[in-house]
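Chains as they are written, first to last, in the numbering used here: chain A, 49 to 376; chain B, 49 to 376.
Okay, here's the thing in structure tokens:
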């Protein structure tokens, strides 16, 4: 297949969205449509395949919970309150009742944790690998959804939480982090398998930020999406990237490509946003209130593209720049 | 896998829908939620897998169009006006650009024909068979959606169009209708590959009918769903089932199980509904106006279950009663 995911969508599917401005030209993770009482509905969908997006022997509860959470992360990035999900599940013919029970218990746990309902979907058998498609619906004050397209030169670039844990956790889960201690490896694997969608933070960012999205393809690639959509550039200071203790240990131990893995690996599911300098006091207060780190890591500039600089201000070379779902 | 689709959903997933009455306990094809200006949004999702739900060498345009149409059929059954779809597509690694172009052109054709937009989704590569999940959204006057649960003893049972073409068409497409002429076979294959969702009819049925759904699992099985949900029974007169000329020829030629295939085969995507006797004049007028046959085939009775009787009033034996997606 010659196209990557983005060009495939742009070439084949974006023309079909032209009728509906709320589809955002299919360049975003979610679509908006009008809702009741001053709210807009927000809808997003993701598909995952065993052996591609998760490991076939991952615990079934965690497969279910991660699928919900990556979609709730998309809603959080819009500032939306999650409402419901639909699940289209293609189970392998040999799936056992125990496996399915455990999968459903994972769905149930996260429906309860995030106050959402499963309101529909489909269940079929497949001769292929386990394949799951989830549609998530949320709502946001009409006209106030956080978009990718409004970053402005002079904005600060912020991230929530810590960066790189997901990508390093995948390496640890697949036995590619041999030099790392067991405790750090376990912490990173947990972060890889069970993202923490920032649903509360997302809603609170409305009014404070100019642009935002969640980090799923990697910090550099996703900041690139914001820059491209907004017609601006960005500079990130590598020394400002917030690392968990386990990620710090992994980088020090040379796991993967070290800092390059942190910057370009996927699966963070933290929020990445740009905000005017005037929002700094409120964002600092919000970080304290939510007990969640919010860290300034760079700034939006005029121009194009994302550069990452070291402590001396020298650009780092990062190779391919971010995970591409559809390459190859 | 020991469960059929229905018991799997009831056991594992219905508890997750309890919070939201509009999910209808996951016993229906669609979920309702409040919309703007006196409308409710209606959402439905379906997953299809190559080699299970369609033939891997079916024309890609028709795979796309059928996927849209089966979902629009679910919306039509609710009386909803279609609004938009989301597509989660898992394309095999070897999919060619030509195949993808043809697939997208099918999506485009039906988006235009039915006045809907593709507002989101996901595109991933899979090592397994082509797998597609579509979520469709529509809206209906709040409180007026047609449900399965309101059939009443004494209602007439009606169907739109002709019955059995889809199931017979699948047999013809797989070389199992040898005795049938080429023209009739082509007509049935077309009906199998390209359902005609009754979107205009569905909206017009609001106010005239008590209960309804679309026929996807087979006439007898789906009428059974209405009866079970409504707490009633039904009697269908086999001689009243409307057949297309091609289906009549196929039954006469002994294709498949003959009339049993018509009554229990799936893939009709016609509307099945129950209506009080007082609606007969308006339904007859509507049939003329839309140039679409609407045929009374039986009646709702007190009791349980669906029986099909012959011209002498004797029950027919139909074997397993309907296609079960998840058996085996």
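Just so it is clear, CB atoms sit at the ideal spot from N, CA and C, and this is done for glycine as well.
- The residue among 247/A, 128/A, 221/A, 175/A with its C-alpha nearest the C-alpha of residue 158/A is 247/A.
- For the set 326/A, 186/A, 299/A, 303/A, the Cα lying nearest the Cα of residue 224/A is the one of 303/A.
- Put simply, the backbone Cα of residue 289/A is about 27 angstroms away from that of residue 116/A.
- Look at residue 91/A: its C-beta is under 8 angstroms from a C-beta on chain B.
- Bounds of any alpha helix (DSSP H) do not take in residue 200/A, whose DSSP letter is neither H nor E.
- For residue 183/B, the chain A residues whose C-beta falls within less than 7 angstroms of its own C-beta are 93, 134, 183, listed in chain order.
- 8 angstroms or more divides the Cβ of residue 195/B from the Cβ of residue 98/B.
- At the C-beta level, residue 318/B and residue 211/B come within 8 angstroms of one another.
- One finds 95, 97, 179 in chain A with Cβ atoms closer than 7 angstroms to the Cβ of residue 138/B, taken in chain order.
- For residue 165/A, the three-state secondary structure derived from DSSP is strand.
- The three-state secondary structure of residue 280/B, taken from DSSP, is coil.
- For residue 285/B, the closest alpha carbon among the candidates 347/B, 130/B, 128/B is that of 347/B.
- Within the region 278 to 328 of chain A, the runs of beta strand (DSSP E) that reach at least 3 residues and sit entirely inside it are, in chain order, 281 to 285, 319 to 323.
- When beta bridges are read from the DSSP output, residue 275/B appears opposite no residue.
- A check of alpha carbon separations from residue 255/A across 281/A, 133/A, 240/A, 193/A identifies 193/A as the nearest.
- In this structure, the beta-carbon distance from residue 213/A to residue 112/A does not fall below 8 angstroms.
- Contact between residue 266/A and residue 314/A holds, with the beta-carbon distance rounding to 5 angstroms and staying under 8 angstroms.
- Counting C-beta pairs closer than 8 angstroms gives fewer than three between the region 179 to 187 of chain A and the region 262 to 277 of chain A, which falls short of the contact rule.
- Within the same chain, and ignoring the five residues on either side of residue 119/A in sequence, the residues whose Cβ sits closer than 6 angstroms to its Cβ are 92, 94, 182, 184.
- With the criterion set as a beta carbon lying under 9 angstroms from some beta carbon of chain B, the members of the region 164 to 177 of chain A are 164, 165, 166, 167, 168, 169, 170, 171, 172, 173, 174, 175, 176, 177, in sequence order.
- Nearest in C-alpha terms to residue 141/B, of all of 152/A, 142/A, 100/A, is 100/A.
- Taken in chain order, the whole alpha helix (DSSP H) runs of length 4 or more contained in the region 326 to 365 of chain A are 328 to 338.
- When CB distances to chain A are screened at a threshold of 8 angstroms, the residues of the region 94 to 125 of chain B falling below it are 94, 95, 96, 97, 99, 100, 101, in chain order.
- Under the DSSP assignment, residue 222/A falls outside any alpha helix (DSSP H); it carries neither an H nor an E label.
- Under DSSP, residue 175/A takes part in no beta bridge, so it has no partner.
- By DSSP's assignment, residue 183/A forms a beta bridge with 93/A, 134/A.
- Inter-residue distance for residue 226/A and residue 129/A is about 40 angstroms (C-alpha atoms, whole angstroms).
- Within the same chain, Cβ atoms closer than 7 angstroms to the Cβ of residue 165/A are found at 132, 159, the five residues on either side in sequence being excluded.
- If the five residues before and after residue 175/A are omitted, its C-beta is found closer than 8 angstroms to the C-beta atoms of 140, 141, all from its own chain and listed in chain order.
- 8 angstroms or more divides the Cβ of residue 298/B from the Cβ of residue 249/B.
- Rounded to the nearest angstrom, the Cβ distance from residue 272/A to residue 354/A is 5 angstroms, consistent with a contact under 8 angstroms.
- In this structure, residue 162/A lies away from residue 108/A, with their beta-carbon atoms at least 8 angstroms apart.
- For the set 322/B, 300/B, 287/B, 253/B, the Cα lying nearest the Cα of residue 270/B is the one of 322/B.
- Under the three-state reduction of DSSP, residue 244/A is assigned to coil, being neither helix nor strand.
- The continuous stretches of beta strand (DSSP E) do not include residue 122/B, which lies in the alpha helix (DSSP H) extending over residues 108 to 125.
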